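Protein chains in written order, with full-length UniProt numbering: chain C, 1 to 201; chain B, 1 to 201.
What follows is the structure, encoded as structure tokens:
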């Protein structure tokens, strides 16, 4: 698991600066997910972390760089999804991927950084660029690499569109009955769509 | 079509106050779609429309009410989509709905209010409530009313999720190759998914 949560058990003692870095990143994730990119300031992150703004700049640089660092580590669970593609038969990939992604969204601890990405990427070009680098380049290209069709990247993106759109309506905008529906009911309906995009005709 | 664009031809002459209202609404749509709900102010809208803030409050009330008025009229093309459900055989509804929605998004004039809704609804609870009233209550419930299944609303929302997610990745975040793909290629892949959600097993 991540350094933030796993550092107490069986790891060498960490330096104070690593603790400070983690505290800044945790504060940054919270600020970005609640306010979105535009309304979050380095000063606000520093205040929430109990440090001076100069220290935030010292460790990470610009606001964009803080955003990318905060989001990249926290999005790691979601970005690991491509292993699921190779991790079994191709005709079960829709179910594995959908179940995994909704697992990440259903868990409040891993939902927060995803909210930060979605909220920020739709309102700010800098954050959108980070989204494209992380999600499109790291996640979707790797999924596409497992598919043996010429339009593999487009297929991966349309599968992602069903997942992103469902997450937006359920977790962000909270449209009913989708927001309160049992997650298993949603997975049952969405998994075949993801499968169809990835391996259908 | 709407009063804003259609008033010059074959209509009775309008009052000056109707012109002012329209100018305020046009300015509001532009501000909300570029900045999102939170960063838009009544003062900024008034300035863009060349009027006093008091006049904006006089015609519309609060910022939330300006947002709802600006978005409701402009979203009318997208909200007319449910007629398409009844307007032909049920097994062609996926194609009709998908083609219509992408037509609205591909047209810069009608795209702007949709951008305003999406950008605002994901970052602000007031705007999310407007989204739920307009899109969920007006559009999705009416589509669901045409379907003869117990989970009709959930099906309509999952179809909307594919459309919303695709629009987000293509028009807002601009992920490639989806952003530059031919719209017909996207409709070919998305229409069967929408159809499946609405009338599949």
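Quick reminder that beta carbons are idealized off the backbone N, C-alpha and C, glycines included.
Predicted, not measured: the structure shown is a model, and the values here were computed from it.
Helix or strand or just coil, what does DSSP make of residue 81/B?
In the three-state reduction of the DSSP assignment, residue 81/B falls in the coil class, being assigned neither a helical nor a strand state.
The alpha helix (DSSP H) spanning residue 40/C covers which residue range?
Unbroken run through residue 40/C: none, as it is neither H nor E.
With distance defined between alpha-carbon atoms, name the residue in 35/C, 53/C and 78/C nearest to residue 106/C.
In terms of CA proximity to residue 106/C, 78/C leads the group 35/C, 53/C and 78/C.
Tell me whether residue 122/B sits in a helix, a strand or coil according to DSSP, three-state version.
coil
For residue 140/C and residue 153/C, which I take to be in contact (beta-carbon distance under 8 Å), what is that distance rounded to the nearest angstrom?
That belief holds up - the Cβ atoms of residue 140/C and residue 153/C are roughly 7 Å apart, short of 8 Å.
Partner residues on chain C for residue 139/B, Cβ-Cβ distance less than 7 Å
What residue 139/B touches in chain C: nothing, since even the nearest Cβ is about 11 Å away.
Alpha helix (DSSP H) segment containing residue 53/B, residue limits
53-60
Anything in chain C within Cβ reach of residue 38/B, meaning under 7 Å, just list it in chain order.
39
Closest by CA to residue 161/C, which one among 150/B, 174/B and 151/B?
With distances taken between CA atoms, residue 161/C lies nearest to 174/B out of 150/B, 174/B and 151/B.
Enumerate in chain order the residues of its own chain whose CB-to-CB distance from residue 144/B is below 6 Å, with the five nearest sequence positions on each side excluded.
152, 153 and 156
Based on Cα-Cα distance, which residue from 42/B, 117/B and 28/B lies nearest to residue 167/B?
117/B
Give a yes or no on whether the C-beta atoms belonging to residue 193/B and residue 93/C are separated by under 7 Å.
no
Neighbouring residues, chain B, relative to residue 169/C (Cβ below 8 Å):
157, 160, 161 and 164
Is the stretch 116-130 of chain B close to the stretch 59-67 of chain B, with three or more CB pairs under 8 Å?
yes
Tell me, please, whether the CB atom of residue 172/C is closer than 7 Å to any CB atom in chain B?
So yes, residue 172/C belongs to the interface.
Taking Cβ to Cβ, would you say residue 76/C is nearer than 7 Å to residue 97/C?
In this structure, the beta-carbon distance from residue 76/C to residue 97/C does not fall below 7 Å.
Counting only C-beta atoms, is residue 67/B closer than 7 Å to chain C at any point?
no
Segment limits, alpha helix (DSSP H) that includes residue 145/B
141-145
Kindly give me the distance between the Cβ atoms of residue 158/C and residue 190/B, rounded to whole angstroms, as I take these residues to be in contact under 8 Å.
7 Å
Please list the terminal residues of the continuous alpha helix (DSSP H) segment that includes residue 94/C.
From DSSP, the alpha helix (DSSP H) with residue 94/C extends over 93-106.
Residues of its chain near residue 59/C, where Cβ-Cβ distance is below 7 Å and the 5 sequence neighbours each way are ignored
21 and 24
C-alpha gap between residue 68/C and residue 120/C, whole angstroms:
Using only the alpha carbons, I get a separation of about 11 Å.
List, from N- to C-terminal side, the alpha helix (DSSP H) runs of 4 residues or more that fit wholly inside the stretch 123-196 of chain C.
125-131, 141-145 and 152-167
With 7 Å as the threshold, decide whether the Cβ of residue 6/B is near any Cβ in chain C.
Here residue 6/B scores only 42 on pLDDT, less than 50, and its place in the model should not be relied on; the value that follows carries that caveat. So, not an interface residue.
May I ask you to report which of helix, strand or coil DSSP gives residue 113/B?
Three-state DSSP puts residue 113/B in a helix.
Is the beta carbon of residue 88/B sitting closer than 7 Å to the one on residue 123/C?
Residue 123/C sits away from residue 88/B, with the two beta carbons spaced by 7 Å or more.
Between the C-alpha atoms of residue 7/B and residue 19/B, what's the straight-line distance to the nearest angstrom?
Residue confidence for residue 7/B is low, a pLDDT of 44 falling below 50, so the modelled location carries little weight; the figure read from the coordinates is stated next. Each residue's Cα considered, the two are about 10 Å apart.
Anything in the stretch 116-129 of chain C with a Cβ closer than 8 Å to a Cβ of chain B? List those residues in chain order, please.
118, 119, 121, 122, 123 and 128
Which chain C residues sit within Cβ distance under 7 Å of residue 153/B?
177
Return the Cβ separation of residue 165/B and residue 165/C in integer angstroms, given the expectation that the two are a contact with Cβ distance under 8 Å.
2 Å
CB contact check: residue 193/B to chain C, cutoff 7 Å
yes
Look at residue 180/C and residue 115/C and say whether their C-beta atoms are less than 7 Å apart.
no
Which of helix, strand or coil DSSP assigns to residue 87/C
coil
Under the three-state reduction of DSSP, which class applies to residue 50/B: helix, strand or coil?
coil
For residue 43/C versus residue 113/C, is the C-beta spacing smaller than 7 Å?
With contacts defined by Cβ atoms closer than 7 Å, residue 43/C and residue 113/C do not form a contacting pair.
Through-space distance from residue 91/C to residue 104/C, alpha-carbon basis:
22 Å
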